[in-house]
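Novice:
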Amino acid sequence: MTAIRSGAKATHRKYDGAWPWLFVLPLLIGVVGFYVWPIIQTAYYSFTTWGVFGGSTWTGGANYAALFADPQLYRSLLNTVIYTAIVLLGVPLSVWLASLLNTPGLRFVQFYRLLFFLPYVAMPVAISLVWRMIFNGDFGLLNWVLKLVGIHGPYWLTTEWFALIAVSIVGLWSSLGFSMILLGAGLKNIPPDLYEAAELDGASRPRQFFSITVPLLTPSIFFVLIITIISSFQLFDLLYAMLGAHNAVMPKTMSLVFYFYQSGFINNDKGFASAVAIFIFALIGVITLVQFRLQRRWVHND
Amino acid sequence: MPATSSRLRRPRRAVVGIIAALSTAALLSACSQGASSAGGGSGDSYTPAAKNTSANLTYAVWDQTQVAAIDANLKGFNAEYPNIKVTVSVIPWGDYWTKLQTEASSNSMPDLFWMNGPNFQLYASNGKIAPITGEVKAGAIDPKNYSSSLDDLYNYKGVQYGVPKDFDTIGMWVNKALFQEAGVALPSANWTWADFQSDALQISQKLKSKGIYGITAGMDGQTTYYPTIFQAGGYVISPDGKKSGYDTPETEAGLQFWTDLIKNGSSPNMKQLTETAGDQWFVSGKSAMFQGGSWARTEIGSSPIAKDVQVYPLPTGKVAANVIHGVSNVVAAGSKNLAAARALQVYLASRTAQQQQGDMGAVIPAFTGTQTAFANSMPGVNLQVFLDEVQIAKPFPVSKNTAAWNTLETNLLPDAFDGTKSVSAVGSDLATQMNAALAKEQ
């Protein structure tokens, strides 16, 4: 925040008139019309009971009262937090992988990069179907392999906690590619002469990694963290496709967004669903804000 | 390094902010379509549209495999009404109801569209679809030509909104080769619950080493526990749509049926059946019987076990019973081309159109007497069972907001089937919650 403020002070210029607004207008119309306005509407509808086909009646805070009294909210929140925590383990992993891929003289770099990136561009539903087969309790590949080493694998997708872990593993796996691309770009910005100097000084590879790569990569890591947390909090399609709508373990595994979906589109309770959406919105907002506050302590900006 | 870093800082911050806003907003906007009032219904009278009526109609459906038969129907329709252009819009099942609801909120529904039982009352009670009272009075559509259970499904408070275009009933798909392998005699057509239970258990015990079970099912209402609830003399929802039947002893007996099968190993358990669906066990030769719908014909007919399959009627419990469901064509009450849409609805319900549907083998057509093509489509398999069961079939249980208590069934019943909790405990819990959901509908 300080950066922006001091920047504004330094470049304090006179008012440019309406022209700048005219240029941003096309974008502004889109953002306001399709994003800001719906958010305001959602906020309004969260205080109403909304008929399936429209027609809302003001019910004050009733939706929020019901929401915070519903144990399902807290379970969904817990599940979402656990999922996010597991997917975040992918961040250090992708820092490591990205720096491996950045090793000078490595052959087939593009090929590896493609392999890692593929899950990110593939359809989540298609990915989920493949993983469903791998995790299948009776006939799945994973349990077959576990059996070879003498472990009797669980019914991954229908057992409490295991289902959440299975979904998290896939979430982690499919987020690696995108994080690596972002971090790879950050790595390219680190001047090679730093490494040369370090090498002359006799620093080992691990020492170079922790003393040069990681600190200079912190802005990229911060960005990846933000993106990963926001997208993890929106866990839905992966969960839905991997577990299926008719899975008894779903109430114990569902994410916040699934809870929203179930309220709005299965139970047709859209006023209540709006309250859930506003809750998710506020939560992500607060988390992101906290991260920006904390970043000053660890992000190496200069 | 410093230069790039500070240059990147501000845009990055903006990017993060925008991404945060956009991703959340995209989610929020999904549930924020504007409110609007219902459109007016059509009147009580029906006069066929003039032959030279000109209009552009949209006809929304969810099943791509039926489009060929629909196109054939439309050719016939256009011979009568050359100036009515119909665009068939296929919306995948996963998006169909969400999209339709959105369109209904903004009064931009397709002129004619497929409706199913669970959703029907929601649209009828909100005045979103047009009654066919006039068509019936004028004799353009005669409900007597269709199964009365199915007519009832599309009747709300005594007003008819559509007639079925097709139907499904449930049957017992049997793998004869596995019966033989286990040394169990094939069932007779009038078997009872006891006969069935003993066959299933014997097969499971004899073929256990091969991982083969006696019975699998979808563990959903329509194919699995609704039929057995009806066979036990129970009900899912009271006829007036106000009360759940799940706390009655008869309904619980219909649920206990499946709990017992899982408990004694005749059937795989709930976890196994969730991870690998009942039909997959059956077509892979891992279960000797599969209680499933007539629509399983395509999948089973093209599977490796197709030549060993035969269909039997469901075993009789306290009474013989089955469940019937069928899709209907309904007209949007707010359609700008109401006359043309009603003309198409009438045409699609005609014997000619229905016969064509049946002959093209897409589904079992609903018009009585047009189903022989379906029955003959798999010689030796006895698909006739699905047609005969119509006589004893009860309508698919629905209310105004069926989906709300369907979720409860899906979430609560597995505990009963798996024996985690007693059937009566789950039954009364489900009944309480379902009654609360039903009370909200009023």
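One line per chain: the protein sequences are A and B, in this order.
Going by my numbering, the first sequence opens with residue 1, and the numbers climb by one from there.
Going by my numbering, the second sequence opens with residue 1001, and the numbers climb by one from there.
Positions of the beta carbon are idealized from the N, C-alpha and C atoms, including for glycine.
#1: Under 8 Å Cβ to Cβ from Q72/A, same chain only, skipping five residues before and after it: list those, please.
#2: So the candidates are G51/A, G140/A, A245/A; which of them puts its Cα closest to the Cα of N1411/B?
#3: Just checking: is the beta-carbon of A248/A within a distance shorter than 8 Å of some beta-carbon in chain B?
#4: Do G1117/B and V1398/B have their beta-carbon atoms positioned less than 8 Å apart in this structure?
#5: For the candidate residues F68/A, F116/A, Q110/A, whose alpha-carbon lies nearest to that of L93/A?
#6: Can you name, in chain order, every residue of its own chain whose Cβ lies under 7 Å from the Cβ of L146/A, other than the five neighbours on each side?
#7: Work out the CA separation of S1294/B and L1201/B for me, nearest whole Å.
#8: To which residues does DSSP link G1171/B through a beta bridge?
#9: Evaluate contact between the region 1332-1347 of chain B and the region 1105-1125 of chain B, counting only Cβ atoms and requiring at least three cross-stretch pairs below 8 Å.
#10: Compare the beta carbon distance of V1086/B and P1227/B with 8 Å and say whether it is the shorter of the two.
#11: Take the Cβ of L1438/B as the centre, count every other Cβ of all protein chains shown within 10 Å, and call the residue buried at 16 or more, exposed below.
#12: When you check each C-beta in the region 1073-1101 of chain B against every C-beta of chain A, which residues fall closer than 7 Å?
#13: Along the region 1112-1144 of chain B, where does the CB come closer than 7 Å to a CB of chain A? Name the residues.
#14: What is the residue span of the alpha helix (DSSP H) that M1270/B lies within?
#15: List the endpoints of the continuous beta strand (DSSP E) containing A203/A.
#16: With DSSP as the reference, identify every bridge partner of Y1312/B, one or two as the case may be.
#17: Along chain B, which residues have their Cβ under 9 Å away from the Cβ of N267/A?
#18: Could you give the distance in angstroms between the alpha-carbon of M1360/B and the alpha-carbon of F1367/B?
#19: Tell me where the alpha helix (DSSP H) around G1427/B begins and ends.
#20: By the criterion of Cβ-Cβ separation under 8 Å, what are the contact partners of Q262/A in chain B?
#21: What residues match up with W58/A in a beta bridge as DSSP calls it?
#22: With a threshold of 8 Å between beta-carbons, can V214/A be considered close to chain B, or not?
#23: At the 8 Å Cβ level, is T84/A part of the contact set with chain B, yes or no?
#24: What in chain A is Cβ-close to K1271/B, meaning under 8 Å?
#25: Which chain E residues are close to P251/A, counting only those with a beta carbon under 7 Å from its beta carbon?
#26: Give me the chain A residues within the contact set of P1227/B, using Cβ-Cβ distance strictly less than 9 Å, ordered along the chain.
#27: Under 7 Å, CB to CB, which of the residues in the region 1293-1310 of chain B have a partner in chain A?
#28: Buried or exposed: which applies to I40/A, given that a residue is buried once 16 or more other Cβ atoms fall within 10 Å of its Cβ?
#29: Could you name the residues of the same chain whose beta carbon sits closer than 8 Å to that of L89/A, not counting the 5 residues immediately before and after it, in chain order?
#30: Alpha carbon to alpha carbon, what distance is there between V24/A and A282/A?
#31: At a cut of 8 Å, does the region 1091-1107 of chain B reach the region 1145-1157 of chain B through at least three beta carbon pairs?
Specialist: This is what the structure holds:
#1: P251, M254, Y259
#2: A245/A
#3: yes
#4: yes
#5: F116/A
#6: G153
#7: 25 Å
#8: G1292/B
#9: yes
#10: no
#11: buried
#12: T1098, Q1101
#13: L1122, N1126, K1128
#14: 1270-1275
#15: It is not in any beta strand (DSSP E) - A203/A carries neither H nor E in the DSSP assignment.
#16: M1172/B
#17: N1401, A1403, A1404, T1407, A1437
#18: 15 Å
#19: 1423-1441
#20: T1407
#21: T48/A
#22: no
#23: no
#24: G137, Y155, T158, T159
#25: Included in the structure are the protein chains A and B, with no chain E among them.
#26: Correct list: empty, because the minimum Cβ distance to chain A is about 17 Å.
#27: none
#28: exposed
#29: L172
#30: 27 Å
#31: no
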